[in-house]
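In what follows, a single structure is set out as structure tokens and then discussed.
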Amino acid sequence: MKKAKIISIICAAAMTASILGGCGTDSGSEENDASETTSIAAEAVSAESKYKLSNPNADEVTKEVYSYICDNFGSSIISCQQESTWKGSPNYEMDYIKATTGKLPAMRGLDYMNGDFKGVNQRAIEWWENGGLVTICWHTGINGKGYQESLDDVPDFDKLLTEGTEEYNNMIANWDKAANALVELRDAGVPVLWRPFHEFDGQWFWWGKGGSENFIKLWQMMYDRYTNEFGLTNLIWVLGYSGDVKDGWYVGDDYCDIIGSDTYNNSTNVNAWNRLVKLTESKPIAFHECGNVPPVADFERDGCMWSWFMIWHTDHIIGNDKANLTEVYNNDKVITLDELPKFGNKE
């Protein structure tokens with residue numbers, strides 16, 4: 243067990259003991275009056291309730307995963323790697339990381355791009371059953387397909403956001419394909435860090451082209467549909483900004499669980515971090531895409547210990563300096579697959 247995790251456990255135990263009145267206090271002392279005890283208890287409750295899933299009906303294993311992410315935020319960084327599926331093996335990136343560092347990432351990044359619902363779900367279930375965490379994004383056009391459509395489509399947002407129009411109905415039919423795939427993962431007991439409509443404030447994908455107000459409506463529409471109509475109790479909603487983190491695009495505390503940013507400029511993305519921390523204090527923050535991952539010492543120096551980093555696939559992971567990648571994956575403050583706890587009922 244890594245040093246940071248041991249310290250975290252000791253601190254948690256100490257806090258619990260102090261709340262119960264059994265750590266560092268004299269049970270017979272009358273100096274700690276009721277008001278002081280009430281104050282300590284209130285602070286403890288506040289600390290425990292700082293991070294809450296937006297969906298109060300989330301299933302127990304999803305709550306467990308979210309609690310783990312929140313507990314480690316600020317002290318440890320979860321390793322994550324985006325997969326590709328066109329380099330001979332869907333484990334191309336994972337095999338490379340294992341061969342280079344001796345480790346595997348704790349979290350696997352997948353993409354429902356081009357309607358690969360069956361393949362993504364199969365790999366997600368396998369990764370989860372092998373002890374890992376799963377995050378899924380979705381490059382899709384308004385009505386389906388993949389990356390190019392996500393860039394090229396130019397919607398009429400007035401029609402798109404109006405129930406009953408042809409544009410609305412076609413978009414919803416596409417959304418429901420992903421929703422049904424996520425239902426399959428729910429029924430298989432797989433929590434998903436769900437990152438739709440990523441890099442929205444960059445406005446290069448269709449979902450950002452209508453501006454911030456239309457994007458917020460779009461996001462909240464999907465959230466409500468997936469949560470209330472499909473009963474997706476296994477989703478942890480990740481709101482993924484671009485590197486700029488523009489003002490006015492926040493969807494609200496009730497509609498997301500984790501906020502984040504990405505950049506490919508070889509930095510720790512500290513400028514985005516400094517903007518994200520001003521948006522809300524109630525969400526962990528993730529570095530949800532990068533090219534070259536910086537040394538852990540750089541994250542510490544810049545004061546931005548992200549919840550996780552995720553290196554993008556193919557040339558991006560291969561382009562990382564091998565010595566640095568090995569140091570990162572073997573650093574005491576980076577969580578790898580072999581160091582995750584056994585969530586839920588897994589043996």
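Every position in the sequence shown, counted from 1, becomes a number in our numbering once 242 is added.
Ideal placement from N, C-alpha and C gives every residue a C-beta, glycine not left out.
For the pair Leu-460 and Leu-435, the Cα-to-Cα distance works out to about 19 Å. Leu-424 is the residue among Trp-449, Ser-454 and Leu-424 whose C-alpha sits nearest the C-alpha of Gly-473. With respect to the 9 Å criterion, Gly-494 and Ile-458 are classified as neighbours on the basis of their beta carbons. Boundaries of the beta strand (DSSP E) around Ala-528: 527 to 532. Around Thr-469, the same chain offers Asn-297 as residues with beta carbons nearer than 6 Å, after the five sequence neighbours per side are excluded.
With a cutoff of 9 Å on beta-carbon distance, Glu-569 and Val-538 are scored as near each other.
Contact annotation, Thr-382 with Tyr-354: C-beta distance approximately 7 Å; criterion of less than 8 Å satisfied. If you draw a straight line from the Cα of Phe-529 to the Cα of Ile-414, it is about 29 Å long. Tyr-492 sits close to Thr-522, with the two beta carbons spaced by under 9 Å. By a beta-carbon distance limit of 8 Å, Ser-503 contacts Ala-514. Their separation comes to about 4 Å. Shown here for Asn-363: same chain residues with a beta carbon closer than 7 Å to its own, the five before and five after excluded, namely Ala-423, Glu-426 and Leu-427 in chain order. Here Cys-322 is not near Gly-361, since their CB atoms are 9 Å or more apart.
Counting along the chain, Gln-364 sits inside the alpha helix (DSSP H) bounded by residues 359 to 371. Rounded to whole angstroms, Asp-398 and Glu-408 show a C-alpha spacing of 11 Å. Look at Trp-446 here: in three-state DSSP terms it is coil, with no helix or strand label. With a contact defined as Cβ atoms closer than 8 Å, His-555 and Glu-325 qualify at about 6 Å. Rounded to whole angstroms, Thr-404 and Leu-393 show a C-alpha spacing of 22 Å. For Ile-559, the closest alpha carbon among the candidates Asp-544, Asp-337 and Val-376 is that of Asp-337. Counting every other CB atom within 10 Å of its CB across the protein chains shown gives Asn-314 a total of 16 or more, marking it as buried.
Residue Asn-508 holds the alpha-carbon nearest to the alpha-carbon of Gly-561 among Asn-508, Val-512 and Asn-416. In the structure shown, Val-425 adopts helical secondary structure according to DSSP, grouped into three states. At a cut-off of 4 residues, the continuous stretches assigned as alpha helix (DSSP H) that sit fully inside the segment 292 to 351 are 302 to 314 and 334 to 343. The alpha-carbon separation between Trp-479 and Val-307 amounts to approximately 13 Å. When DSSP assignments are scanned along the segment 484 to 561, the uninterrupted stretches of beta strand (DSSP E) that are 3 or more residues long and fall wholly within it turn out to be 500 to 504, 527 to 532 and 550 to 553. Arg-437 is not a Cβ neighbour of Cys-532, given a cutoff of 9 Å. Asn-534 sits away from Asn-573, with the two beta carbons spaced by 9 Å or more. In the DSSP annotation of this structure, the continuous segment of the alpha helix (DSSP H) that includes Trp-461 starts and ends at 454 to 466. For the pair Asn-385 and Asn-356, the CB atoms are not nearer than the 9 Å cut-off. Your pair Val-303 and Ala-366 does not check out as a contact, with CB atoms roughly 14 Å apart and the cut at 8 Å. In this structure, DSSP gives Thr-578 an extended state, which the three-state scheme calls strand. Comparing C-alpha distances from Glu-391 to each of Asp-400, Arg-543 and Trp-449 shows the shortest one belongs to Trp-449. DSSP links Trp-436 through a beta bridge to Ile-378 and Trp-479. Boundaries of the alpha helix (DSSP H) around Tyr-389: 389 to 394.
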